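Student: Residue numbers (the numbering used here): 1174 to 1310. Positions of the beta carbon are idealized from the N, C-alpha and C atoms, including for glycine. This structure is a prediction, so every number in the text was calculated from the model and none was measured.
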């Protein structure tokens, strides 16, 4: 009993299209995935820089509040009366330096608050506090 509709001697005249369709679908999927990855850019010949860009470090002013309440402006003695004048001069600069307050741990907190208030009144925008890093075992 034979299930084939054609004779064994007769050659098969049809081409099996399933493998061809499978290959075409795989190629289509690969094409769809890779097209968005390809970026279209305009070719421009840029000039070469003659120097490496210099890293500009921001200016820093260290204001130290010592144990007895006296002030040091970058290692220079300063009175509270002259503090606001210096802070106003700093605030008026086009590129304001960062004001770093370095308060002794034994100083009265009131003195540090007075310095902070003077900086705020003068218009200083960049303010930071300096501390000693904690020793970790």
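For a quick check, are the C-beta atoms of residue 1288 and residue 1236 less than 8 Å apart?
Tutor: Translated into the one-based positions of the chain shown, residue 1288 becomes position 115. Translated into the one-based positions of the chain shown, residue 1236 becomes position 63. Yes. Within cutoff.
Student: Which of helix, strand or coil does DSSP assign to residue 1303?
Tutor: As a position in the chain shown, residue 1303 is number 130, starting the count at 1. Reduced to three states, the DSSP call for residue 1303 is coil.
Student: If we require 3 or more residues per run, which beta strand (DSSP E) segments fall completely within the region 1205 to 1266?
Tutor: Runs of the beta strand (DSSP E) inside the region 1205 to 1266: 1233 to 1238, 1244 to 1246 and 1249 to 1251.
Student: Nearest to residue 1253 by CA position, among 1222, 1219 and 1292, is which residue?
Tutor: On the chain shown, position 80 is the one that residue 1253 refers to. Minimum Cα distance to residue 1253 is reached at 1292.
Student: Could you spell out the range, first to last residue, of the beta strand (DSSP E) harbouring residue 1275?
Tutor: Translated into positions along the chain shown, residue 1275 becomes position 102. Segment 1271 to 1276, the beta strand (DSSP E) holding residue 1275.
Student: Buried or exposed, going by whether 16 or more other CB atoms sit within 10 Å of the CB of residue 1263?
Tutor: On the chain shown, position 90 is the one that residue 1263 refers to. Buried, by the Cβ-count rule.
Student: Quick check on residue 1272 - is its C-beta less than 8 Å from some C-beta in chain D?
Tutor: Reference to chain D is not applicable here, since this structure consists of a single protein chain.
Student: For residue 1284, I'd like the list of residues in its chain whose CB is within less than 6 Å of its CB, leaving aside the five on either flank, ordered along the chain.
Tutor: Here residue 1284 corresponds to residue number 111 of the chain shown, with the count starting at 1. Same-chain partners within the cutoff: 1238 and 1242.
Student: Using three-state DSSP, classify residue 1197 as helix, strand or coil.
Tutor: On the chain shown, position 24 is the one that residue 1197 refers to. Residue 1197 falls in the helix class under three-state DSSP.
Student: Measure from the alpha carbon of residue 1266 to the alpha carbon of each residue in 1219, 1281, 1234 and 1202, then state which is nearest.
Tutor: Counting from one through the chain shown, the residue named residue 1266 turns up at place 93. Nearest option by C-alpha distance: 1234.
Student: Does DSSP classify residue 1190 as helix, strand or coil?
Tutor: As a position in the chain shown, residue 1190 is number 17, starting the count at 1. Note: residue 1190 maps to coil in three-state DSSP.
Student: Looking at the secondary structure, which residues open and close the alpha helix (DSSP H) in which residue 1284 lies?
Tutor: Walking along the chain shown from the start, residue 1284 turns up at place 111. Segment 1282 to 1295, the alpha helix (DSSP H) holding residue 1284.
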